[in-house]
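In my numbering, the protein residues as written are 4 to 166.
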């Protein structure tokens, strides 16, 4: 018999699901930005800079040297900013994944699959929709199941009282 969430955790699961969904979308968008940044940097040898000598936003060339790639832009390197932001949002995503996973009492493999959503482009969007639907359906079933026995008990007490 698989483990099921405790009845006391049911209200917390809805909050954990909302947190997971928000973190999932943010991480997915940041991952797509990171992929675009990597393609620009390694395929087209460009990086995005802000507030530099080139203006508000500018793509500046990246030069290949003997020691590796070297940026030529001035100002704030938005390409590096995207990289750092995705890393931190991924940590938040993992926390939200862990919180939902532990409250739902899923197997560890499910945690790993959800964690891949922050690494594989577009996967977080698909998982967010699927996990959200599954958890909401589960919570709805549990709420109906917990209400139904109390109604059955109340109606049987009424029948016995009438006899």
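Glycine included, each C-beta is placed from N, C-alpha and C at the ideal position.
Closest by CA to residue i, which one among the options?
| i | options | result |
| --- | --- | --- |
| residue 48 | 39, 108, 12 and 150 | 39 |
| residue 170 | 111, 147 and 101 | Examination of residue 170 is not possible in this model, given that the chain is present from 4 through 166 alone. |
| residue 118 | 111, 134, 97 and 132 | 97 |
| residue 59 | 73, 68 and 81 | 81 |
Note down the Cα distance separating residue i from residue j, rounded to an integer number of angstroms.
| i | j | result |
| --- | --- | --- |
| residue 56 | residue 79 | 11 Å |
| residue 103 | residue 91 | 19 Å |
| residue 43 | residue 83 | 12 Å |
| residue 139 | residue 70 | 52 Å |
| residue 149 | residue 50 | 56 Å |
| residue 114 | residue 108 | 10 Å |
| residue 12 | residue 133 | 21 Å |
| residue 112 | residue 27 | 18 Å |
| residue 122 | residue 77 | 30 Å |
| residue 88 | residue 136 | 28 Å |
| residue 110 | residue 36 | 31 Å |
| residue 124 | residue 72 | 25 Å |
| residue 94 | residue 41 | 20 Å |
| residue 67 | residue 6 | 55 Å |
| residue 85 | residue 151 | 50 Å |
| residue 63 | residue 116 | 37 Å |
Taking the beta carbon of residue i as the centre, do at least 16 other beta carbons fall within 10 Å, making it buried, or is it exposed?
| i | result |
| --- | --- |
| residue 4 | With a pLDDT of 43 at residue 4, under the threshold of 50, the modelled position of this residue cannot be trusted, and the question is left open. |
| residue 33 | buried |
| residue 19 | buried |
| residue 75 | exposed |
| residue 65 | buried |
| residue 10 | exposed |
| residue 31 | buried |
Check whether the Cβ atoms of residue i and residue j lie closer than 9 Å to each other.
| i | j | result |
| --- | --- | --- |
| residue 29 | residue 142 | no |
| residue 22 | residue 99 | yes |
| residue 106 | residue 120 | no |
| residue 8 | residue 145 | yes |
| residue 46 | residue 53 | no |
- Message: Ignoring anything shorter than 3 residues, give me the beta strand (DSSP E) runs that lie fully in the region 37-120, in order along the chain.
- Response: 49-55, 58-68 and 71-74
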